[in-house]
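Below is one structure; the comments refer to it alone.
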Amino acid sequence: MATRTWVPSGPYDLGRTLGVLARGPGDPACQVAPDGSVWRASRTPDGPGTLHVSARGGEVHAEAWGPGADWLLDHLPALLGGTDDPGAFTPRHRLVHQAHRRNPGLRLARTGLVLESLIPSILEQKVTSDEAYRAWRLLLQRHGEPAPGPAPRMRVMPDPRGWALLPSWEWHRAGVDGKRSATIVRAARVAARLEEAATMDERSAAARLQAVPGIGPWTAAETLQRSNGASDAVTLGDLHLPKIVGYALTGRRDGDDAEMLDLLSPYAGQRHRACRLILLTGVTPPRRVPRFSVNDIRAI
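Residue numbers (the numbering used here): 66 to 365.
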């Protein structure tokens, strides 16, 4: 076990910062413990590693195990939002100002690991969250490896070769259709080039990811928000976000991407942070249509 302590420069909220990295409550690779600490199992450039992070007394304490332990601790400040600049954000709407004031400890995490966020984002394409979370959980349980250290029942995701060699019936067993599985396989085959996006600016990184067929603006933004801590990466093409942003800022229910971008224009450079704050308010338009139905292809 290796350890490191990081001291944030101001108010800090560990749960708000790292909570977006978990893919559902049963994520085998990222779990929040009852005491508020966070466990993460990652495949780093040095190999598998497990990280346990807890905040107390104005400090963040981390423990790491496995071949990737040193890499995880070296990148700990970035993961915790140490490279993020919340001072660059100026609220322009009353609701956003209130959310900003109530969440002074929010930081944008930066994992520095692209495939780790890209694959679950691909799994989330055009399906319900429950379907995507279930697929991620089943794939890691069956094809991942046990996380190093004392992490309970956690799994490290397969390496790129492991993803590329998954047979079609294993994707089907996890409820993943051929389009999404083919996109993941294509991404795994060029994983080294995609991982380079973690050090690029947002525009270049998005272009690198979208060069892979099947990866569009939605998937690229969802990935870079986590891997790069991209403060301006807006999730376009989302079924709910434009309506939520539009309703929160104007009271109108049927917003689209164009209206959302117009409303977020005062936050240029910080549009993702503005969206995060809006989502934290819990203000959403009243539901007027049935929920999107779950389609389990495993029964086919």
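Ideal Cβ positions, reconstructed from N, Cα and C, are used throughout, including at glycine.
Distance from residue 293 to residue 256 at the Cβ level is roughly 16 Å; contact not present, criterion being Cβ atoms closer than 8 Å.
Within the same chain, 93, 94, 220, 222 come within 7 Å of residue 205 by CB-CB distance, once the 5 residues on both sides are set aside. Residue 119 places its beta carbon less than 9 Å from that of residue 100.
In the DSSP secondary-structure assignment, residue 124 is bridged to 121. Contact between residue 131 and residue 151 does not hold, since their C-beta atoms are separated by about 31 Å, which reaches or exceeds 8 Å. Taking the Cβ atoms as the reference, residue 174 lies roughly 7 Å from residue 85, within the contact range of under 8 Å. Note on residue 246: 16 or more other CB atoms within 10 angstroms of its CB, so buried under the neighbour-count rule.
It is roughly 15 Å from the alpha-carbon of residue 295 to the alpha-carbon of residue 342. The beta carbon of residue 318 sits closer than 7 Å to those of 308, 312, 350, all from its chain and outside the five residues before and after it, given in chain order.
Leaving aside the five residues that flank residue 102 on each side, the residues in its chain whose CB is nearer than 7 Å to its CB run, in chain order, 117, 118, 119. Residue 233 and residue 183 have their C-alpha atoms roughly 20 Å apart.
The three-state reading of DSSP puts residue 68 in strand, counting E and B together. Taken in chain order, the unbroken stretches of alpha helix (DSSP H) that lie wholly in the stretch 183-211 and span 4 residues or more are 194-208. Counting only residues of its own chain and dropping the five nearest sequence neighbours on each side, residue 298 has a CB closer than 7 Å to the CB of 267, 286, 289, 290, 337. Looking at the backbone, the Cα of residue 339 and that of residue 163 are separated by about 12 Å. The straight-line gap separating the alpha-carbon atoms of residue 134 and residue 180 is approximately 18 Å.
For residue 250, the uninterrupted alpha helix (DSSP H) segment begins and ends at 243-254.
C-alpha of residue 352 to C-alpha of residue 305: approximately 11 Å in a straight line. In the three-state reduction of the DSSP assignment, residue 288 falls in the helix class.
With 16 or more neighbouring CB atoms inside 10 Å of its own CB, residue 225 falls in the buried class. As computed with DSSP, residue 220 is found in a beta bridge with 211.
Secondary structure note for residue 97: it is in no alpha helix (DSSP H), and the uninterrupted beta strand (DSSP E) holding it is 95-97.
Exposed is the label assigned to residue 207, since fewer than 16 other Cβ atoms lie within 10 Å of its Cβ. Exposed is the label assigned to residue 261, since fewer than 16 other Cβ atoms lie within 10 Å of its Cβ.
Counting of Cβ neighbours within 10 angstroms places residue 321 among the exposed residues, the total staying below 16. A straight-line Cα-Cα distance of about 29 Å links residue 254 and residue 214. Exclusion of the five residues before and after residue 301 leaves 282, 283, 286, 322 as the residues of its chain whose Cβ lies within less than 7 Å of its Cβ. Here the alpha carbon of residue 66 sits roughly 14 Å from the alpha carbon of residue 106. Membership of residue 109 in the beta strand (DSSP E) is indicated by the continuous run 103-109. Counting only residues of its own chain and dropping the five nearest sequence neighbours on each side, residue 187 has a CB closer than 8 Å to the CB of 245, 248, 249, 252, 279, 280, 284.
Bounds of any alpha helix (DSSP H) do not take in residue 280, whose DSSP letter is neither H nor E.
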